[in-house]
Amino acid sequence: MSYSTSLPEAKKTIMVCDDEQDLLQVFGLALETEYNVILANSGENCIEKFTEEKSRGNKMHLILQDYRLGDMFGDSVQ
Numbered sequence: 067m068s069y070s071t072s073l074p075e076a077k078k079t080i081m082v083c084d085d086e087q088d089l090l091q092v093f094g095l096a097l098e099t100e101y102n103v104i105l106a107n108s109g110e111n112c113i114e115k116f117t118e119e120k121s122r123g124n125k126m127h128l129i130l131q132d133y134r135l136g137d138m139f140g141d142s143v144q
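What follows is the structure, encoded as structure tokens:
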């Protein structure tokens, strides 16, 4: 008998950055079954969470970001 020793592929991680709490909740609920979801409610919060995850060695596979965040424009989030 042969058994597979490979582990199931881990969920990919998506970060959603938006200053509208309702949209964050909708994205979180829609994506959480298939992905690890990180929600950020401002540009500064997005930068902080991204930096924190990177320092832990975690990979961000996709970032969905509003252009007009409350504290900065989306292209300022680097």
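Under my numbering, the first residue of the sequence shown is numbered 67, with each subsequent residue one higher.
Heads up, the beta-carbon is just placed ideally off N, CA and C, and yes, glycines get one too.
message: Beta-carbon within less than 8 Å of Gln87's beta-carbon, same chain only, minus the 5 sequence neighbours each way: which residues are those?
response: Asn107
message: Taking the alpha carbon of Ile113 as the reference point, which residue from Ala76, Glu98, Leu135 has its own alpha carbon closest?
response: Leu135
- request: Would you kindly work out how many angstroms separate the C-alpha atoms of Thr99 and Asn124, rounded to a whole number?
  value: 19 Å
query: So is Val92 in contact with chain C if we call contact Cβ pairs under 8 Å?
result: The structure shown has no chain C; it contains just one protein chain.
- prompt: What separation, rounded to the nearest whole angstrom, lies between the Cα atoms of Leu105 and Val82?
  reply: 5 Å
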